[in-house]
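I have placed the structure first, in the form of structure tokens, so that the comments after it can refer back to it.
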Ligand SMILES: [Fe+2]
Ligand SMILES: [Fe+2]
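Residue numbers (my numbering): 1 to 414.
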């Protein structure tokens, strides 16, 4: 810290005095002091004498420009930069991220849209009894994996934006993204991740054999409908065997993604390590995407609360180490979390901070006085130079506030 307030008696030759003399001795008749201007290096005892004569009790010194002294009061600098300037200041990229988040978001958005369209075609074709367009699927998996290896946070951030379609292609893209994020956090290589992406995109391919009236039923299922719906794991296995060219371990993604660690899942009620690691990873991703999506019979659970629920099922429905990897991938406050800051401001998390998960970037949408901001002010909670230390004090439920989080995220991503 460069600036210090010291007692006038501590002022010595060699120090750089920062005080604005004109301001400090306003009303003083000593006109000579004006010559000192806004800051001056103290070069003589005579200068010190004149400053003392002006009646100053304390002065500010800049220890980066002159000598320092023991004691004194360190002055925290007010940050005169605008939030926009602060945001644009280049920070080093977090480990494993090759592209800056905002830039990566543009690539991620295009990738997600291309992959979703490709998967809609693939699933639609299978549903009509056609063959699987494996070439198209391969390209989709490759594109997703490339985007994840550029900046995993941007791809994961987009999973907060939900779409609906007949065969849940958008859901499959979200699940595949989350599975890839876990694989990336686990240090898997790009080639394995590509195969994983292909298989995760197809985790619900069996739903193409479930009658549409059951698949798209808005309310809860009757027992016989539920039984049919659950068969999608077995149908998926059949389709993938017919398709050929998929390894057994990749096939586990379709067949085991509803098995639970504690044996409470389906179709085979497998437990613990009987469930392949890929199946376990997909199970968490699948539950998270379902929890955070709105249904006719239930509102969307905010991401932070969904993570809490998954954490609560650590060693119950889900294996502990994959839960930990999942939380590491999404951050403590996933993108789209509505948060209350210690300054009483309300904001939406829009960029995670892998190096300091408690301090993401937040778009402030409500001031401390309760005024709504139509254009969110971006705050980097990890910016130590910000005048005021902002921290997240609470995660809020957006359904209790009239805030369209998805609209906000779409704006940021555009
Ligand atoms: Fe499923
Ligand atoms: Fe699913």
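For every residue, glycine included, the Cβ atom is placed at its ideal position computed from N, Cα and C.
Cβ of residue i within 9 Å of Cβ of residue j?
| i | j | result |
| --- | --- | --- |
| residue 136 | residue 118 | yes |
| residue 66 | residue 144 | no |
| residue 173 | residue 201 | yes |
| residue 335 | residue 345 | no |
| residue 313 | residue 246 | no |
| residue 194 | residue 112 | no |
| residue 333 | residue 392 | yes |
| residue 181 | residue 326 | yes |
| residue 250 | residue 241 | no |
| residue 207 | residue 168 | yes |
| residue 382 | residue 340 | no |
| residue 183 | residue 127 | no |
| residue 363 | residue 408 | yes |
Return the first residue and the last residue of the beta strand (DSSP E) that residue i is part of.
| i | result |
| --- | --- |
| residue 351 | 346-351 |
| residue 4 | 3-7 |
| residue 303 | Note, residue 303: premise wrong, no beta strand (DSSP E); alpha helix (DSSP H) at 303-312. |
| residue 289 | Careful: residue 289 lies outside any beta strand (DSSP E), inside the alpha helix (DSSP H) at 277-291. |
| residue 415 | The structure shown has nothing for residue 415, since the chain only spans 1 to 414. |
Quick test of your reading: residue i and residue j, contact by CB under 8 Å. State the CB separation rounded to the nearest angstrom.
| i | j | result |
| --- | --- | --- |
| residue 98 | residue 150 | 5 Å |
| residue 158 | residue 108 | 5 Å |
| residue 257 | residue 272 | Not really, about 16 Å apart at Cβ, beyond 8 Å. |
| residue 69 | residue 110 | At roughly 58 Å, the Cβ-Cβ gap does not stay under 8 Å, so residue 69 and residue 110 are not in contact. |
So, for residue i: in the same chain, excluding its five sequence neighbours on each side, which residues have a beta-carbon less than 6 Å away from its beta-carbon?
| i | result |
| --- | --- |
| residue 239 | 205 |
| residue 35 | Its pLDDT being 44, under 50, residue 35 is placed unreliably in this model, and the value from its coordinates should be taken loosely. Taken in chain order, the list of residues that qualify is empty. |
| residue 275 | 256 and 259 |
| residue 236 | 205, 206 and 254 |
Can you find the residues in the same chain that come closer than 7 Å, C-beta to C-beta, to residue i, ignoring five residues on each side of it along the sequence?
| i | result |
| --- | --- |
| residue 175 | 200, 203, 282, 285, 286 and 289 |
| residue 297 | 219 and 220 |
| residue 300 | 292, 293 and 294 |
| residue 101 | 151, 153, 154 and 351 |
| residue 32 | Residue confidence is low: residue 32 scores 48 on pLDDT, short of 50, so the model does not pin down where it sits. Its coordinate-derived value is still stated next. Around residue 32: 50. |
| residue 5 | 58, 60, 72, 73 and 75 |
| residue 26 | Interpretation of residue 26 is limited by its pLDDT of 46, a score under 50 that renders its predicted location unreliable; no figure is taken from the coordinates. |
| residue 368 | 343, 344 and 345 |
| residue 253 | 199, 200, 203, 278, 279 and 282 |
| residue 190 | 145 and 149 |
Grab the span of the alpha helix (DSSP H) containing residue i for me, first residue to last.
| i | result |
| --- | --- |
| residue 113 | 101-127 |
| residue 225 | 223-230 |
| residue 141 | 134-150 |
Cutting at 8 Å between CB atoms, please list the residues of its own chain near residue i, excluding the five before and the five after it.
| i | result |
| --- | --- |
| residue 309 | 291 and 301 |
Item to check | Whole beta strand (DSSP E) elements within the segment 54-79, 3-residue minimum | outcome: 58-62
Next on the checklist: In chain order, what are the residue ranges of uninterrupted alpha helix (DSSP H) at least 4 long that sit wholly in the segment 156-219?
Outcome noted: 169-185, 190-201 and 212-215
Item to check | beta strand (DSSP E) runs wholly inside the segment 235-265, at least 3 long, in chain order | outcome: none
Item to check | Minimum length 4: unbroken alpha helix (DSSP H) runs contained in the segment 313-346 | outcome: 320-330
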